[in-house]
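Chains as they are written, first to last, in my numbering: chain A, 1 to 252; chain B, 1001 to 1232.
In this text, a Cβ means the ideal position worked out from N, Cα and C, and glycines have one as well.
First up is the structure itself, then whatever we jot down about it.
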């Protein structure tokens, strides 16, 4: 479980997050949604410690991340897997080396064992026979899958994904969503996903958090989001004609 | 800076990274150093020869002049400036690209000290390889001068070789190696700094690369003056 309590973050005097409190339950897929610039990515990066927060607390299973020393945070980070928006695979390393990287750095496995584990993770995300290719030689969808393989290499307790479907076609997006869902269920990871993609939310979300102007505006599940009377949430979800029609059908 | 000079997370991975950087920084710079040194050595010899037409000057002075120019200034400062362009831009654009594509964030998320992981191997590799490049430059610069003198008929071989040995001060080589070693630290750290603090996109990576080359070249010139005043 991850708990965020009264989290505030500003950059150069501009308040990005104000008093955000939320609980992300263990083994659940938690979605953070909101407009571009609403503070979703800052929230995610604050939780994993890429941004130092101004005030508030972040707990990973009752361990207060905010008050930890650098070395204590390092230990927590070994329990974290992160899939970045642009995949963030290391350009100069092959796909296999990318997945092997956290294993080589933070496990006691031998080289062969690291390779075996990396191959297992690559197979798990359906990337087979491409181990020696470089990230620039594969498609965006496959890069995302390799990024997921790297994120799960160390069997993390927590998985964070920043817009895992951005730049992908709808079919590939669904494949990535289902892959995340399978992996989260398999390893019982606490997962937080940032997205704009309502298809993903409807596909796999257990809990949804709506961030607006740096504040937690609404939270609930994918059933209650259709019927909420929160105007900001409605404006965000029902921005397209398609979702408006779905709502009409849903209400019938 | 404090984060760069800490104990690496994994000694084996650090050694592997240093070795990779030795190849990238040192090995891939050998050809450019050889070509530039040969031609500059040849030009120094010919220019000295053309300006020493008065019979009062013995021919061996051309060899002596080439030797001292190459060892004292060329193989350290000029090669340092050339490497600031080649190695400096490569380091800044490499780290800058990693920054804007979130690869550095990925390292940090995994718990890796990214500054130490990326920058320290480059500084260590530069300190190891730059003196070798300097020695290589001295040898090929002097050899280039000898070839040019021979082929043009301006300096007899025996006179050139005598000039190389005449009033030779071995400390000049030490002085030159100290300088190029210092320039290696300057180039790798300044370029890494600009790369690491790149924010934005591809345009900013290009800007960081240019700024790294310009600033490391300026710092090299200032340090060249300081080290000359201190060491000679």
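Classification of residue i by the beta-carbon crowding that lies within 10 angstroms, buried from 16 upward
i	result
residue 40 of chain A	buried
residue 31 of chain A	buried
residue 1200 of chain B	exposed
residue 170 of chain A	exposed
residue 1129 of chain B	buried
residue 143 of chain A	buried
residue 163 of chain A	buried
residue 70 of chain A	exposed
residue 1131 of chain B	buried
residue 1105 of chain B	buried
residue 1260 of chain B	Outside the modelled stretch of chain B, which goes from 1001 to 1232, sits residue 1260 of chain B, for which no answer is possible.
residue 156 of chain A	buried
residue 96 of chain A	buried
residue 1229 of chain B	exposed
residue 277 of chain A	For residue 277 of chain A there is no data in the structure shown, the boundaries of chain A being 1 and 252.
residue 45 of chain A	buried
Close Cβ partners of residue i (< 6 Å) along its chain, the five nearest in sequence each way excluded
i	result
residue 1194 of chain B	1092, 1208, 1211 and 1212
residue 24 of chain A	2, 30, 190 and 192
residue 974 of chain B	An answer regarding residue 974 of chain B cannot be provided, because it is not within the stretch 1001 to 1232 covered by chain B.
residue 1026 of chain B	1129
residue 233 of chain A	210 and 218
residue 1037 of chain B	1137, 1140 and 1141
Which residues DSSP lists as bridging residue i, in chain order
i	result
residue 20 of chain A	A/7
residue 219 of chain A	A/209
residue 159 of chain A	A/81 and A/191
residue 15 of chain A	A/10
residue 63 of chain A	A/60
residue 31 of chain A	A/193 and A/208
residue 255 of chain A	Since the first residue shown for chain A is 1 and the last is 252, residue 255 of chain A is missing from the structure and cannot be characterised.
residue 46 of chain A	DSSP lists no partner for residue 46 of chain A.
residue 55 of chain A	A/8
Beta-carbon contacts of residue i that lie in its chain and below 7 Å, excluding the five residues immediately before and after
i	result
residue 1112 of chain B	1009
residue 1147 of chain B	1042
residue 1081 of chain B	1217 and 1220
residue 140 of chain A	167 and 168
residue 151 of chain A	81, 82, 83 and 159
Nonlocal neighbours in the same chain, by C-beta distance under 8 Å from residue i, ignoring five residues either side
i	result
residue 219 of chain A	22, 207, 208, 209 and 210
residue 1022 of chain B	1125, 1128 and 1129
residue 1108 of chain B	1114
residue 1206 of chain B	1093
residue 1044 of chain B	1065, 1066, 1069, 1070, 1074, 1141 and 1145
Notebook entry, point to check: Hey, which unbroken runs of the alpha helix (DSSP H) at 4 residues or more fall wholly within the region 1099-1157 of chain B?
Noted result: 1103-1110 and 1114-1152
Checklist line | Cβ pair count under 8 Å reaching 3, the region 107-124 of chain A against the region 79-90 of chain A | finding: no
Note to self: Which complete alpha helix (DSSP H) runs does the region 1164-1215 of chain B hold, if anything under 4 residues is left out?
What the structure shows: 1171-1196
Margin query: For the structure I just gave you, are there three or more beta carbon pairs, one from the region 1127-1144 of chain B and one from the region 1032-1051 of chain B, closer than 8 Å?
Written below: Yes, the region 1127-1144 of chain B is in contact with the region 1032-1051 of chain B.
Notebook entry, point to check: Okay, do the region 1046-1064 of chain B and the region 1157-1168 of chain B touch, 3+ Cβ pairs below 8 Å being the bar?
Noted result: yes
Check: Does the pairing of the region 4-16 of chain A with the region 177-188 of chain A give three or more beta-carbon distances under 8 Å?
Finding: Verdict: no, contact absent.
Check: Quick one: complete beta strand (DSSP E) runs, 3+ long, within the region 70-140 of chain A?
Finding: Segments of the beta strand (DSSP E) lying fully in the region 70-140 of chain A: 80-83.
Check: Pairing CB atoms from the region 120-137 of chain A with CB atoms from the region 43-58 of chain A, are three or more of them under 8 Å?
Finding: no
Next item on the list: Evaluate contact between the region 218-235 of chain A and the region 180-192 of chain A, counting only Cβ atoms and requiring at least three cross-stretch pairs below 8 Å.
Entry: Counting C-beta pairs with one atom in each stretch, the region 218-235 of chain A and the region 180-192 of chain A have fewer than three that are closer than 8 Å, which means they do not touch.
Item checked: Segment contact flag, the region 240-249 of chain A with the region 1084-1100 of chain B, C-beta cutoff 8 Å, min 3 pairs -> no
Check: Could you give the uninterrupted runs of the beta strand (DSSP E) lying entirely in the region 1007-1091 of chain B, keeping only those of 3 residues or more?
Finding: none
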